[in-house]
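What follows is one structure encoded as structure tokens, with my remarks underneath.
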Amino acid sequence: MFLRFSSQETHPRPPLPSFATLSLTVRERFWGENRSRVSRSACFRPARRSKGILARDFFQGGEHPLGAAIETRELTKTYKSRGGEVNVVDKLNLEVEEGEIFGFLGPNGAGKTTTIKMLLGIIYPTSGEAFVLDREIGDMDVHRVISYLPERPYYYEHMTGLELLRFYASLFGIHDDEKCRALLQKVNLHNDMTKTLSQYSKGMQQRVGLAQSLLNDPKLLFLDEPTGGLDPIAHTEIRDLILQFRDEGRTVFISSHELSEVERICDRVAIINFGKLERQGRLEDLLRGGRIEIIATSVPKEFAEKLPQADSTVSWHEGRLIVDMPESEDVNDVIDGLRGKKAEIVSIIPRRKRLEDLFVETVRDSGGRV
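Counting from 9, one number per residue, gives the positions in the sequence shown under the numbering used here.
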């Protein structure tokens, strides 16, 4: 007897859940069957089945012990190609602090997506170590307290916003209609919860995605291009929600090309290129320009002409002086000189780089194209 299976689906499949809501049964089976194939240096432990764990249950007192939300040590992912081996991620050392918004930046092909997939446990590293919430990245319990919103989440458009959240909540074993409604209220979709997703704008779909990502009360959220392609109003709405997540004590890991948005909301950033970490630190430190702008009035012309010209810009017009100069001991000499001439100092402004300038400079210095 021969059985013929039709390739046509007679019933639509339910929408694919985000990574954090995937069935653990299938994934635990994978790790069980493939445990011997995973390098010992890849820092995976056998999967442990654990049902119904939410963030409030995962950490006693609500905090994990060491305070590092993400830490990688020499994390490397190598793929084989015809020309040999290619290090897509090359000895990456990241540290993301608890309760901060962290921007993960790099040009296309820099290794950002591969890094995120390793942190989520979708793929395993060739070598090195990585820890998420002080647990090794193969620890299945971690997936109960993290969320991931991809750049292009896929939803069936016949569902309403409320039905969507009910569906994802059921994957966590959560049957709390009030919780779903409260999350839609949180993202300002309470008046649209009965509309189908086909009626949602892109900004509304991003907001319902953020609501879905909060169903398991996560300590750590991974957001991939959360503001990509949105209009200015939607930008503001998503930005305010992300800032609210930080105020609630959550850690937010953002991968984005929207550098102006990253500059506005992130506490710290890392820039990678060709899989290597090029810059990492607090934004205020990385963007410190090392220059000072001094504006003064009632300045004699002869004083302006005596100011140092090397690596400085001096502009004088009818007693108004503007000096742009390196931040050094000479700044104090200029200020003291102006005071000695009875000039009125209007402002002393530290000059700050833009994140876009820092990004372009970093990528070019590391041999990349922008």
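Note that CB positions come from ideal geometry on N, CA and C, so glycine has one too. Bear in mind the structure is a predicted one, so any value in this text is a computation, not a measurement.
Suppose you measure from the CA of residue i to the CA of residue j; what does that come to, to the nearest Å?
i           : j           : result
residue 373 : residue 102 : 20 Å
residue 90  : residue 339 : 57 Å
residue 319 : residue 346 : 20 Å
residue 32  : residue 146 : Unreliable positioning characterises residue 32 in this predicted model, as indicated by a pLDDT of 36, which lies under 50. The coordinate reading is nonetheless provided below. Answer to the nearest angstrom: the Cα atoms are 12 Å apart.
residue 393 : residue 226 : This structure leaves residue 393 out entirely; the chain is present only between 9 and 378.
residue 247 : residue 235 : 8 Å
residue 332 : residue 249 : 38 Å
residue 303 : residue 195 : 45 Å
residue 265 : residue 120 : 11 Å
residue 178 : residue 160 : 22 Å
residue 228 : residue 336 : 41 Å
residue 325 : residue 292 : 33 Å
residue 94  : residue 149 : 32 Å
Leaving aside the five residues before and after residue i along the sequence, list all residues of the same chain whose C-beta is less than 6 Å from its C-beta, in chain order.
i           : result
residue 231 : 157, 262
residue 275 : 108, 109
residue 131 : 125
residue 245 : none
residue 3   : Because the chain here runs from 9 to 378, residue 3 falls outside it and cannot be looked at.
residue 330 : 303, 323
Which class does residue i belong to by DSSP, given the choice of helix, strand or coil?
i           : result
residue 221 : helix
residue 216 : helix
residue 259 : strand
residue 95  : strand
residue 268 : helix
residue 139 : strand
residue 288 : strand
residue 111 : strand
residue 133 : coil
residue 282 : coil
residue 329 : strand
residue 150 : helix
residue 310 : helix
residue 347 : helix
residue 237 : coil
residue 361 : coil
Spatial neighbours of residue i within its chain, please: C-beta separation below 8 Å, excluding the five flanking residues on both sides.
i           : result
residue 82  : 99, 100, 101, 135, 136, 137
residue 290 : 275, 276
residue 197 : 169, 212, 215, 216, 219
residue 167 : 23, 175, 204, 205
residue 355 : 301, 302, 303
Residues in the same chain with beta-carbon distance under 7 Å from residue i, minus the five sequence neighbours each way, listed in chain order, please.
i           : result
residue 42  : Bear in mind that a pLDDT of 44 at residue 42, under 50, signals an unreliable position, so the number given afterwards is only what the model happens to contain. Within the same chain, residue 42 has no close Cβ partners at all.
residue 316 : 338
TODO: Tell me, please, whether the stretch 356 to 372 touches the stretch 291 to 306 by the rule of three or more beta-carbon pairs shorter than 8 Å.
DONE: The stretch 356 to 372, when compared against the stretch 291 to 306, does touch it at the 8 Å Cβ threshold.
- [ ] List in chain order: all unbroken beta strand (DSSP E) runs of 3+ residues lying wholly within the stretch 152 to 207.
- [x] Listed in chain order, the complete beta strand (DSSP E) runs (minimum 3 residues) inside the stretch 152 to 207 are 154 to 157.
Task: Cβ contact check for the stretch 137 to 147 and the stretch 177 to 187: 3 or more pairs under 8 Å - done: no
Open item on the list: Is it the case that the stretch 169 to 176 contacts the stretch 249 to 260, given that we only count it when at least three CB pairs across the two stretches are under 8 Å?
Closed with: no
- [ ] Taking 8 Å as the threshold, find out whether the stretch 268 to 280 comes into contact with the stretch 106 to 124 through three or more Cβ pairs.
- [x] yes
Task: Any 3 or more C-beta pairs closer than 8 Å across the stretch 120 to 135 and the stretch 189 to 197 - done: no
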